[in-house]
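A.B. asks:
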Ligand code: KG4
Ligand code: ZN
């Protein structure tokens, strides 16, 4: 089954063709990052306009690259939530038009379920159940992936997402948006221990997380140093900050894994590209005798292929939509796709 997959929830327009949820035939991405960089973050209005300009050409490009015709598309999958509402609407509208004109099913896919499914593309042997640590720009949670479309949230951030904190701290350190990857690179040249930063405990559920205190502590530290005219060793601060984020995420992931009894731990989302988190996950999982699944860097960030992968399994579960499908800025990953 060949799925044309569309993703437009933030600042990447992406169209992919995926076969049977596991094989990427082509994965075309048009990034708007350079456009938003001058504003220090994504400008929703600009994002929507750029998606609408790019999406049709990308779909044609995807077909050309895969050597397929429109008639060979069996279904159209699309991110319908969550994201910048104007941006998501562009993808949903395009997907509806494509499905209607081709006479094929329309499959709504939750963006975060898509991130989790990036692991199916990277690891053809991976099947649920497994535990997934989801760390993206907008979400941070521990998900019990009981089956391809049946999930349970075991823990979540009670305030900021990990990616949001990376980006904010990077911005205060004058790194260009989105700063997570740049901060990671600087951290790799740094030494830990110079800047003590907090590891917060959050609420009654030991698997819940909090990052806003860490973010504020790091930003205050930078501002205070600047006010006093003290030099900051940026590499060392980045290393200490990355360590604090990882120390918040990884022990909870291992605790959650123990609780489920699973021996499979997957990681998903843009922040899954972080070198410190990847290293800590590998070490902790080895100690626990668990297998680790981490998508390659290009499948960690937003892409269309992950939507095609999850779309296939949503289709098998009967989660198809009609032409009344709407887009949603927020939506839980739980339950039915609609
Ligand atoms: O999953 P994603 O592409 O978009 C959302 O669905 O939010 O995640 C984007 C986030 C951004 O906050 C970006 O700075 C962060 O992932 N990111 C990283 C790294 N690469 C991307 N954060 C830390 N270290 C990295 N290497
Ligand atoms: Zn994403």
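In our numbering, the protein residues as written are 1 to 338. From the three backbone atoms N, C-alpha and C, an ideal C-beta is built for every residue, glycine too.
Tell me the DSSP secondary structure of residue 215 in three-state form.
C.D. replies: Helix.
A.B. asks: For the beta strand (DSSP E) that residue 268 lies in, which residues bound it at each end?
C.D. replies: Start and end: 264 to 268.
A.B. asks: Quick one: what does DSSP say residue 40 is sitting in, helix, strand or coil?
C.D. replies: Residue state, collapsed to three classes: coil.
A.B. asks: State the DSSP-derived secondary structure class of residue 76, mapped to helix, strand or coil.
C.D. replies: Residue 76: strand per DSSP, three-state reduction.
A.B. asks: From what residue to what residue does the beta strand (DSSP E) around residue 110 run?
C.D. replies: Counting along the chain, the beta strand (DSSP E) containing residue 110 begins and ends at 106 to 110.
A.B. asks: Got a sec, what are the start and stop residues for the beta strand (DSSP E) residue 147 sits in?
C.D. replies: Run containing residue 147: 140 to 147, per the beta strand (DSSP E) assignment.
A.B. asks: Taking DSSP's pairing of strands, which residues face residue 135 in a bridge?
C.D. replies: Note: residue 135 sits in a beta bridge opposite 140.
A.B. asks: Quick one: is the Cβ of residue 178 within less than 7 Å of any heavy atom of ligand 1?
C.D. replies: Result yes, Cβ under 7 Å from ligand 1.
A.B. asks: Answer with buried or exposed for residue 188, where buried requires no fewer than 16 other C-beta atoms within 10 angstroms of its C-beta.
C.D. replies: Looking at its Cβ environment, which holds fewer than 16 other Cβ atoms inside 10 Å, residue 188 is exposed.
A.B. asks: To test your reading of the DSSP string, which unbroken alpha helix (DSSP H) runs of 4 or more residues are found completely within the region 189 to 247?
C.D. replies: DSSP runs (the alpha helix (DSSP H)) wholly in the region 189 to 247: 212 to 227.
A.B. asks: Near ligand 2, which residues have their beta-carbon closer than 5 Å to a heavy atom?
C.D. replies: Result: 136, 302.
A.B. asks: Hey, how far is the Cα of residue 322 from the Cα of residue 7?
C.D. replies: If I take the Cα positions, the gap works out to 18 Å.
A.B. asks: With a CB to CB cut of under 8 Å and the five nearest residues on each side skipped, what residues in its chain are close to residue 301?
C.D. replies: Correct list, in chain order: 12, 270, 273.
A.B. asks: Would you decide whether residue 218 is buried or exposed? Buried here means 16 or more other CB atoms lie within 10 Å of its CB.
C.D. replies: With 16 or more Cβ atoms within 10 Å of its Cβ, residue 218 is classed as buried.
A.B. asks: Start and end of the alpha helix (DSSP H) containing residue 14?
C.D. replies: Careful: residue 14 lies outside any alpha helix (DSSP H), inside the beta strand (DSSP E) at 12 to 19.
A.B. asks: Looking at residue 111 and ligand 1, is the gap between the Cβ and the nearest heavy atom below 7 Å?
C.D. replies: Correct: residue 111 has its Cβ closer than 7 Å to ligand 1.
A.B. asks: Given a threshold of 16 other Cβ atoms within 10 Å of its Cβ, counted over all protein chains shown, does residue 318 qualify as buried or as exposed?
C.D. replies: By the neighbour-count rule (16 or more Cβ atoms within 10 Å), residue 318 is not buried but exposed.
A.B. asks: How is residue 23 classed by DSSP in three states: helix, strand or coil?
C.D. replies: Reduced to three states, the DSSP call for residue 23 is strand.
A.B. asks: Could you check the C-alpha separation between residue 159 and residue 245 for me, to the nearest Å?
C.D. replies: If I take the Cα positions, the gap works out to 14 Å.
A.B. asks: Does the contact criterion of 3 or more C-beta pairs under 8 Å hold for the region 160 to 174 versus the region 137 to 151?
C.D. replies: In short, these stretches touch, since the Cβ pair count reaches three.
A.B. asks: What do you get for residue 351, buried or exposed, if any count of 16 or more other CB atoms within 10 angstroms of its CB means buried?
C.D. replies: Nothing can be reported for residue 351: it is not among the residues displayed for the chain, which extend from 1 to 338.
A.B. asks: Give a single yes or no on whether residue 274 has its beta carbon closer than 7 Å to a heavy atom of ligand 1.
C.D. replies: The answer is yes for residue 274.
A.B. asks: How far does the beta strand (DSSP E) with residue 7 in it extend, from its first residue to its last?
C.D. replies: 2 to 7 is the extent of the beta strand (DSSP E) around residue 7.
A.B. asks: Ordered along the chain, which non-local residues of its own chain (more than five positions away) have a Cβ less than 6 Å from that of residue 266?
C.D. replies: So the qualifying residues of the chain are 119, 130, 132, 293.
A.B. asks: Would you report the Cα separation of residue 1 and residue 260, rounded to the nearest angstrom?
C.D. replies: In a straight line, the C-alpha of residue 1 is about 33 Å away from that of residue 260.
A.B. asks: Secondary structure at residue 50, three-state DSSP: helix, strand or coil?
C.D. replies: In this structure, residue 50 counts as helix in the three-state DSSP scheme.
A.B. asks: Assign residue 21 to one of two classes, buried (16 or more other C-beta atoms within 10 Å of its C-beta) or exposed (fewer than that).
C.D. replies: Buried, by the Cβ-count rule.
A.B. asks: Identify the residues that DSSP records as bridge partners of residue 153: which are they?
C.D. replies: Paired residue(s): 143.
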